[in-house]
Amino acid sequence: MATEAVRNFIASSAWGQLLTPEQLDRVLRDASETGAGPGEAICRNGQRSDYWYGVVEGLVKVSNLGPDGKPTTLIGIPRGGWFGEGSVFKHERRPYDVVALRESRLAQVPADTFHWLLADSIAFNHYLIGQLNTRLAQFVIRCEHLRSYAPERHVALCLAELFNPVLYPGTTMTLQLSQEELSFLAGVSRGIVNRALRHLEQDGIVEARYGSIQIRDLAALRASAFR
DNA sequence: TCATTAAATTGTT
DNA sequence: AACAATTTAATGA
Numbered sequence: 214m215a216t217e218a219v220r221n222f223i224a225s226s227a228w229g230q231l232l233t234p235e236q237l238d239r240v241l242r243d244a245s246e247t248g249a250g251p252g253e254a255i256c257r258n259g260q261r262s263d264y265w266y267g268v269v270e271g272l273v274k275v276s277n278l279g280p281d282g283k284p285t286t287l288i289g290i291p292r293g294g295w296f297g298e299g300s301v302f303k304h305e306r307r308p309y310d311v312v313a314l315r316e317s318r319l320a321q322v323p324a325d326t327f328h329w330l331l332a333d334s335i336a337f338n339h340y341l342i343g344q345l346n347t348r349l350a351q352f353v354i355r356c357e358h359l360r361s362y363a364p365e366r367h368v369a370l371c372l373a374e375l376f377n378p379v380l381y382p383g384t385t386m387t388l389q390l391s392q393e394e395l396s397f398l399a400g401v402s403r404g405i406v407n408r409a410l411r412h413l414e415q416d417g418i419v420e421a422r423y424g425s426i427q428i429r430d431l432a433a434l435r436a437s438a439f440r
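Read in this note's numbering, the first sequence has 324 at position 111, and its numbers run on one by one without any break.
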């Protein structure tokens, strides 16, 4: 049986609320909690995909090592986000590392339970299609953005992505995120992040604090990524 | 409570 | 990548 924190997290999640009481019961029985400190891996490239993960608290990154051995971050997952469904669905090994950026706690739903939900709940299927479709759109937009906009704009896009209500419903207007962490997520240097935040602050869009970022105008933040 | 120090983060080159 | 400046957290008087 999962911890109470994990049970509450799942029961109040977008997909948990779609389940029948019986379905939810089984999920809560099968789920468990895991944690990772800064820099620690939740799972590694090549490992079997035994769980579907949700971020209860903290922040994790999905990254990979390039041919030169340098890590490249693909996405950051804040509190409230679920990830890893792709490789669980396909019964494949993880095609990436997942590493905690800060102290994090995660809910893990076993692959068997995940597949049972797919077979048993139409609502869950709808939820999952929505999640996959939104994730696809995220990467399409990113691909375009990488080719069409300067690195400084990537910072705004990266911040705005964290407020995608489908993928990350739990994101609050105050992000517990240092400039160095943001530089990993956005795939730009820390200097670029610093400059971007400075400009966003001048426009009244964000407020940069020591170790955190306060969003003042989310709509303007989204727009500023494409100017 | 205040002062000191180490560690983390930021600003700049 | 390297360096200095700044902020925070921890420690002990």
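Backbone N, C-alpha and C define an ideal beta-carbon position, used for all residues, glycine too.
Every value quoted in this text rests on a predicted model; they were computed, and no experiment measured them.
| Asked | Found |
| --- | --- |
| Straight-line CA distance for G279 to I405? | 21 Å |
| Measure the alpha-carbon distance for P336 versus V269 and round it to whole angstroms. | For the sequence presented, residue 336 should be read as Ala rather than Pro. Taking the straight line joining both Cα atoms gives about 22 Å. |
| Which residues in the same chain as D430 place their Cβ atom closer than 7 Å to its Cβ, once the five residues preceding and following it in sequence are excluded? | G417, I418 |
| Starting from L395, trace the alpha helix (DSSP H) both ways and give me its first and last residue. | 392 to 399 |
| Over what stretch of residues does the alpha helix (DSSP H) that includes Y266 continue unbroken? | Taken as a continuous stretch (DSSP letters only), Y266 belongs to no alpha helix (DSSP H), being part of the beta strand (DSSP E) at 264 to 270. |
| For a test of your reading of the model: does the CB of A218 fall under 8 Å from any non-hydrogen atom of the ligand HEM? Yes or no. | Looking for the ligand HEM in the displayed structure turns up nothing, as the structure carries no ligands at all. |
| May I have the straight-line CA-CA distance separating E298 from W228, to the nearest angstrom? | 13 Å |
| Determine the closest residue to R311 out of S425, P284, M214, A433, with distance taken between C-alpha atoms. | According to the sequence shown, residue 311 is Val rather than Arg. Minimum Cα distance to V311 is reached at P284. |
| Given this structure, state the Cα-to-Cα distance separating N377 from S396, to the nearest angstrom. | 19 Å |
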